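**Q**
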Amino acid sequence: MRRLINEIDSFWMAIQYFSRIPVPYAIHYDQERMKRSILFLPAVGWIIGFFLFLFYQMTADLFPRNFHSILLVSFLLWITGGLHADGWMDVFDGIGSSRDKEKMLAIMKDSRVGAMGVIGFVILFALKTSSLNSINSNFFMEVLLVSPLLARFGVVLAVFFFPYARKEGLGRMLKEALTLKTFLFTLLWILPLFWLTSYGIYMFLLITGFVFLFGVYFTKKLGGLTGDVYGWLIEGGETVLWLMFVLLSR
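Reading the sequence shown from the start, the letters are residues 12 to 261 in our numbering.
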């Protein structure tokens, strides 16, 4: 019974840490619960996608398409607390510095945002808003509901298959918790998407290829992945899935 309670607390902690969605009760930080929150990261993606799609349904007829696209991307940034966008900017700052590995890691850890980070965010926001403005609304369930799930499952893949670059940090803890058994458990979260949409298999293959391509790249550049890279992969994963539906909408 105690183990079940701990797993439930880990689930709430995942929601509390990776989003701004309220939880029934405050979960005080606990290292073991934080470790196991990785098991529920795809579930957080489902929940974020649900609220994003619900927000779309509630506001679609209220605003012009261009403005509504900006509103949806802004809502996604808000509901995640900008956590992953911050990682996106930090990676742009670090990689964009063209320094050695240790210096790039130090730059990424710096809380200040540099010019490359700002440029990276502008690119991200422009890609996402223009994508939503170009996608046929028939694909919005896949784009808004399913993409957040798969982007976060992509991080599970990255944590499991690629080394962590730093000696300590959140990513190190998550990697310790993600054994083969727990990794297989996370696969259960993505099974409904294959029933939900006929594009599920293509989206899954695309996000898998994206994660492995950039997982190899960042491992060569940094000696492994970091928490910032995980955030970059979530933002990049959502964007590349949206671009897939831009092409399908032509």
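Built from N, CA and C at the ideal position, the CB exists for glycine as well. All values reported here derive from a predicted model rather than from experimental measurement.
Identify which residue in GLN27, PHE256, TYR28, PRO35 has its Cα closest to the Cα of ASN147.
**A** Among GLN27, PHE256, TYR28, PRO35, the Cα nearest to that of ASN147 belongs to PHE256.
**Q** For the pair the region 119–133 and the region 152–172, tell me if three or more CB-CB distances fall below 8 Å.
**A** Output reads no: the region 152–172 does not touch the region 119–133.
**Q** Quick one: what's TYR175 bridged to in DSSP?
**A** BP columns for TYR175 point to LEU236.
**Q** Mapping the DSSP letters down to three states, classify THR219 as helix, strand or coil.
**A** Helix, per DSSP.
**Q** Return the Cβ separation of LEU258 and PHE215 in integer angstroms, given the expectation that the two are a contact with Cβ distance under 8 Å.
**A** Not confirmed; about 17 Å, so no contact.
**Q** Does the region 20–27 come close enough to the region 48–60 to have 3 or more Cβ pairs within less than 8 Å?
**A** Touching, yes, given that three or more Cβ pairs across the two stretches are closer than 8 Å.
**Q** Does the region 232–247 come within contact of the region 112–119, defined as at least 3 CB pairs closer than 8 Å?
**A** Yes: the two stretches touch, three or more of their Cβ pairs being nearer than 8 Å.
**Q** How would you label ILE38, buried or exposed, when you count the other beta carbons within 10 angstroms and need 16 or more for buried?
**A** So ILE38 counts as buried.
**Q** Take the Cβ of GLY220 as the centre, count every other Cβ of all protein chains shown within 10 Å, and call the residue buried at 16 or more, exposed below.
**A** GLY220 is exposed by the Cβ-count criterion.
**Q** Would you report the Cα separation of LEU233 and GLU113, rounded to the nearest angstrom?
**A** Distance between the alpha carbons of LEU233 and GLU113 is about 8 Å.
**Q** Would you identify the three-state DSSP class for SER48, choosing helix, strand or coil?
**A** If DSSP states are grouped into helix, strand and coil, SER48 belongs with the helices.
**Q** Does the region 130–149 come into contact with the region 65–83, if we say contact requires no fewer than three beta-carbon pairs (one atom in each stretch) closer than 8 Å?
**A** Because the criterion of three Cβ pairs below 8 Å is met, the region 130–149 and the region 65–83 touch.
**Q** Out of GLY165, ALA169, VAL133, GLY182, which one is the CA nearest neighbour of TRP200?
**A** Comparing Cα-Cα distances from TRP200 to each of GLY165, ALA169, VAL133, GLY182, the minimum goes to GLY165.
**Q** Mark PRO159 as exposed unless 16 or more other C-beta atoms lie within 10 angstroms of its C-beta, in which case mark it buried.
**A** Per the 10 Å Cβ criterion, buried.
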